[in-house]
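The listed protein sequences correspond, in order, to chains A and B. Offset between the first sequence (1-based) and our numbering: plus 80. Offset between the second sequence (1-based) and our numbering: plus 80. All C-beta atoms in this analysis are idealised placements derived from N, C-alpha and C, irrespective of residue type, glycine included. Every value quoted in this text rests on a predicted model; they were computed, and no experiment measured them. Beneath this line is the structure, given in structure tokens, with notes to follow.
2 protein chains.
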Amino acid sequence: MDQLSATFAALADPTRRAILARLTEGPATVKELSEPFDISGPAISKHLRVLEKAGLITRGREAQWRPCQLDATPLKEVAVWAENYRRFWDASYARLDALLTEMKETEQ
Amino acid sequence: MDQLSATFAALADPTRRAILARLTEGPATVKELSEPFDISGPAISKHLRVLEKAGLITRGREAQWRPCQLDATPLKEVAVWAENYRRFWDASYARLDALLTEMKETEQ
DNA sequence: CTCGTACCTAACCACTTGGTTATCTAACCG
DNA sequence: CGGTTAGATAACCAAGTGGTTAGGTACGAG
């Protein structure tokens, strides 16, 4: 699985997006991350492994805690990818696009 | 499944992203979309249904053809979502963020 | 009407996913 | 040492995914 696919797949789950949102406030332990959710510890562990494999979090080791930290680098790729479609949702961008196309045509 | 999750899930497959990329060049029939891939028609149909359910394409009806057209609206939500994490990958944005936080603190 | 083309649905298969419970390791605390 | 806490792993299950083949529908051409 390529990097972008892994990132999109990781982001497809609301629980994992919520975990990422929580990590914007700073590092957290597995226990802390699991607090807001009504699911078991192992389920959280699985989500964290998916996030880790996608490169969205990094994990440390402090005594019996394994603190998680956000790594947003893959999200930059997501933003860049999505931006390539901006002209298809942004009307003003679409007009600019059409104008540039027209200019290119009259040029020839 | 919420809209954003459906969109991310749809984008997690490279074949579906390739279909979207093809559709930026204009509408296409199912046959045309399946050409570049070495998979069966029904497999393409399934991908198109996923994209349709995610609101990423719309489908028409022209005789025996079912032309597909890109609808990038959900991608705007993706871009907006990702942009919220910009300060975590963009160093200069992070410095600006820190500065604003500092200003807010001294304000009080 | 018949044939070919475009496309869909149905049924099936292997694999993955998101969850569970039960069990294990590792570290701190008395 | 023994007990508690944090967390991972294993085994299992139901549901979903991505693919297949077979067969059906709808339309245009001859």
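For residue i, the three-state DSSP class (helix, strand or coil)
| i | result |
| --- | --- |
| R139(B) | strand |
| Q83(B) | helix |
| A89(A) | helix |
| A159(A) | helix |
| A108(A) | strand |
Within chain A, partners of residue i - CB distance below 7 Å
| i | result |
| --- | --- |
| K156(B) | W169 |
Cβ-based neighbour list, residue i, same chain, cut-off 8 Å, excluding 5 preceding and 5 following
| i | result |
| --- | --- |
| W161(B) | L84 |
| R146(A) | T109, V110, R139, G140 |
Nonlocal neighbours in the same chain, by C-beta distance under 6 Å from residue i, ignoring five residues either side
| i | result |
| --- | --- |
| R167(A) | Y173, A174, D177 |
Within chain B, the residues that residue i reaches when beta carbons sit closer than 8 Å
| i | result |
| --- | --- |
| A89(A) | F88, A89, A92 |
Buried/exposed call for residue i, threshold 16 Cβ in 10 Å
| i | result |
| --- | --- |
| S120(A) | exposed |
| S114(B) | buried |
| L180(A) | exposed |
| R129(B) | exposed |
| P154(A) | buried |
| F117(B) | exposed |
Proximal residues of chain A, C-beta to C-beta of residue i below 8 Å
| i | result |
| --- | --- |
| E163(B) | A159 |
| D82(B) | P94 |
| S172(B) | Here the premise fails: no neighbours, minimum Cβ distance about 13 Å. |
| Q153(B) | At residue 153(B) the sequence reads Thr, which differs from the Gln that was named. What T153(B) touches in chain A: W169. |
Beta-carbon neighbours of residue i, restricted to chain B and to distances below 9 Å
| i | result |
| --- | --- |
| L150(A) | Y165, F168 |
7 Å Cβ shell around residue i - same chain, five flanking residues per side excluded
| i | result |
| --- | --- |
| L91(A) | R97 |
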